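Engineer:
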Amino acid sequence: MYRRRKTGSWLTVRVELRAMSLIEQLKTPDESSPYLFPFINGTGADAYRQYQSALRNFNARLKRLGSLAGVKGSLSSYCARHSWATIANYHNYQQELICNAMGHSSVKVTETYFKQHTDERIGQMNKEILSQVFRE
1 MYRRRKTGSW LTVRVELRAM SLIEQLKTPD ESSPYLFPFI NGTGADAYRQ YQSALRNFNA
61 RLKRLGSLAG VKGSLSSYCA RHSWATIANY HNYQQELICN AMGHSSVKVT ETYFKQHTDE
121 RIGQMNKEIL SQVFRE
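Right under this line is the structure:
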């Protein structure tokens, strides 16, 4: 169970084996800790400051990695969420299902993730249809 701070909604997320092996490597060794990872060990406002600091550090490192890899645009922790939603949409999962999986309050919020990719997808669809029409 996971509670999104932004929306307050609860999500149940099944952790796949590949992700679990990463979690096992990175998790806090303190089994009594209420937190999964060791970068938070405070409570209340102190814990939130620690979380914000870790997130800023993570995003700065992602930005640097993206720059080194020649990625156009800036990478951030939200890129993973957007990528996941976009891939699910490209595989024709219902937007309501994607909305629920992401913990969004409405499908309208989820739809904003897909609008920027519409032209590219229409172009690919057109190419595939014309390929069938002309039997290429």
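Per our numbering, the very first residue in the sequence shown carries number 1; after that it's consecutive. Glycine included, every Cβ here is placed at the ideal spot set by N, Cα and C. Bear in mind the structure is a predicted one, so any value in this text is a computation, not a measurement.
Distance check for N41 and Y35, CA to CA, integer angstroms please.
Structural biologist: On the sequence shown, position 35 is the one that residue 35 refers to. On the sequence shown, position 41 is the one that residue 41 refers to. Roughly 7 Å between the two C-alpha positions.
Engineer: Roughly how many whole angstroms lie between the Cα atoms of N6 and G70?
Structural biologist: Residue mapping note: residue 6 aligns to position 6 of the sequence shown, counting from 1. Residue mapping note: residue 70 aligns to position 70 of the sequence shown, counting from 1. Looking at the sequence provided, one finds Lys at residue 6 rather than Asn. Each residue's alpha carbon lies about 31 Å from the other.
Engineer: Mapping DSSP to helix, strand and coil, what is Y93?
Structural biologist: Counted from its first residue, the sequence shown places residue 93 at position 93. Y93 falls in the coil class under three-state DSSP.
Engineer: Using alpha carbons as the reference points, say which of P29, D46 and G44 lies closest to P38.
Structural biologist: Locating residue 38 in the sequence shown gives position 38, where the first residue counts as 1. Minimum Cα distance to P38 is reached at P29.
Engineer: When we look at the beta-carbon of T43 and count the other beta-carbons within 10 Å, is it buried (16 or more) or exposed?
Structural biologist: As a working note, residue 43 is residue 43 in the sequence shown. T43 comes out exposed.
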